[in-house]
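The listed protein sequences derive, respectively, from chains A and B.
Going by the numbering used here, the residue at position 149 of the first sequence is 158; the numbering climbs one at a time, nothing skipped.
Going by the numbering used here, the residue at position 220 of the second sequence is 229; the numbering climbs one at a time, nothing skipped.
2 protein chains.
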Amino acid sequence: MRILVVEDDRNAAETVRRTLVAQGWAVDVVHDGDSGLARATHGDYHAVVLDIMLPRRNGYEVVRELREREVWTPVMMLTAKDGEYDQIDAFDLGADDYLVKPFPSHVMVARLRALIRRGAPERPAVLTAGSLTLDPAAHTVRRRGTDLTPTPREFAVLEFLMRNVGVAVSKADILHAVWDAHFDGDENVVEVYIGYLRRRIDKPFGCASIETVRGVGYRLVAVD
Amino acid sequence: MRILVVEDDRNAAETVRRTLVAQGWAVDVVHDGDSGLARATHGDYHAVVLDIMLPRRNGYEVVRELREREVWTPVMMLTAKDGEYDQIDAFDLGADDYLVKPFPSHVMVARLRALIRRGAPERPAVLTAGSLTLDPAAHTVRRRGTDLTPTPREFAVLEFLMRNVGVAVSKADILHAVWDAHFDGDENVVEVYIGYLRRRIDKPFGCASIETVRGVGYRLVAVD
DNA sequence: AGCGTTGTTGAGAGATGGCTGAGACAGGTG
DNA sequence: CACCTGTCTCAGCCATCTCTCAACAACGCT
């Protein structure tokens, strides 16, 4: 395991380094945001431990920039502050975990291990199919730049379809993924919602992203 | 997204359920470890939110047992205690993430999303015979790049033939593989569908992939 | 060649699957 | 309370698909 530690406090950095080396991991340490960004971009690490308070470029900026460069290495953020909003910000910017200082070293090790096991998410958070994009976190859907406003159910159906682009999914699959176990209605709801979605995301743009696969279900394809 | 929530405190469970439902996810709630284990094993969820303090079987035991049963659904553990050892134990037992109560609901959502983002099931392989390809997942058939649109029955017959390229299969085999057990009609249907398929996948391209083996049945061969 | 057997095909009746408009109902909001 | 939005049911319509039947063609055997 190769770990990059970005932490400007030399003492803290040394403590972390020792802990990780004791695990048998290879550790590189840098002390400012710029070097951290550069190393993380090109260094091929299994995880990055990133302090928030950094000279030259703070932790938030480093993650955001990393994700913008399509680097998906797991990032664990460290901070002295205890504000919950920091966590949110960190998550929204693309960090994968968060620790509040001071923390026992074995907690950091355990959670780093979990991060590494989870692996780098190959996919960015936004789903795309042709000119259609769906952001699960922001709860937005766009086609050619214009904002669409699906209802919650429509959104859920579309999200499922977009997680299976090009694959024919059955109405039962959709029902199963979107409606909960207590639902005992007809599969016709799915047909109805497909109809709603077509009116919402296809008709106004003259496309046909949702294909019917007779006897099977539906397939979402990438169109412009 | 289908989420299972295992939490014995009815109030807490309801809060979590609402948060997740507001995301457009399908949520099932159970209140004890045994039911949680049963549902998680067979329920096909995208993630499980699991309290540690549970009647009948605690959260640790549930994860351990789940992993022993080779169920790899991502698990997020919840606990009221703030003991660091809980985290370690949880990770070691196979949990994928961990939250200490109380937590802001959007943190839970963000981290659940991160958990779900990782695993996408890979598709089954595409079947090929010369210039003819059939993708069972996408439910598509192509010859030399152009999309063919077989009917469901035609597709089923073709899929069976393509899983047996170069092998002569009898009409009885095809009937058995494609039609259900209650079918009591004539083997002539098979002949009729072979005819349809030839018109669909061979005639327009001037090939002859489906050969008749007189007295035996049919054989699909690879041609360009 | 002649003949029975086996395979091919066109026509068409009936069944099925999918789409949609109308409307009931619930929950939230002014 | 009236109104709006979102969810879901229902029933009718339409296009397509499935399968049967029967005539016809091809094959292979004596």
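Note that CB positions come from ideal geometry on N, CA and C, so glycine has one too.
These numbers were taken from a predicted model, which means no experiment stands behind them.
If you check each beta-carbon in the region 221-232 of chain A against every beta-carbon of chain B, the ones closer than 7 Å belong to V222, R223, G224, V225, R228. Taking one beta carbon from each stretch, the region 136-152 of chain A and the region 107-120 of chain A have fewer than 3 pairs nearer than 8 Å; the two do not touch. Per DSSP, the unbroken beta strand (DSSP E) holding G226 of chain B starts and ends at 226-229. The count of Cβ pairs closer than 8 Å, one atom from the region 145-159 of chain A and one from the region 208-225 of chain A, reaches three, so the stretches are in contact.
Per DSSP, Y205 of chain A has no beta bridge partner at all. Residue pairing of T155 of chain A in beta bridges, as defined by DSSP: A:R152.
The three-state reading of DSSP puts T24 of chain A in helix, counting H, G and I together.
Chain A places no beta carbon closer than 7 Å to that of A134 of chain B, leaving this residue out of the contacts. For V71 of chain A and R65 of chain A, the gap between their C-alpha atoms comes out near 10 Å. When DSSP reads this structure, Y54 of chain A sits in no beta bridge, so it has no partner.
Each of B:A49, B:A31, B:G33 was checked against the Cα of V39 of chain B, and the nearest Cα belongs to B:A49. CA-to-CA, the gap between T155 of chain A and S140 of chain A works out to about 10 Å.
Separation of E23 of chain A and D106 of chain A (C-alpha to C-alpha, rounded to the nearest whole angstrom) is 21 Å. Under DSSP, I210 of chain A takes part in no beta bridge, so it has no partner. Contact residues of the region 153-168 of chain A toward chain B are P161, R162, F164, A165, E168 (C-beta to C-beta distance below 8 Å). By the CB criterion at 7 Å, D60 of chain A and E16 of chain A fall inside the cutoff. Looking at A:L46, A:A165, A:M171, A:R27, the one whose alpha-carbon comes closest to that of V232 of chain A is A:M171. Here V57 of chain B is buried: its Cβ has 16 or more other Cβ atoms, across all protein chains shown, within 10 Å.
For the 7 Å CB-CB criterion, R228 of chain B and A181 of chain B do not form a contact. Straight-line spacing of the CA atoms in V174 of chain B and P145 of chain B works out to 15 Å.
In its chain, beyond the 5 residues on either side, V225, G226 have a beta carbon closer than 7 Å to the beta carbon of S179 of chain B. Using beta-carbon distances, A190 of chain A counts as an interface residue toward chain B, with a partner under 7 Å.
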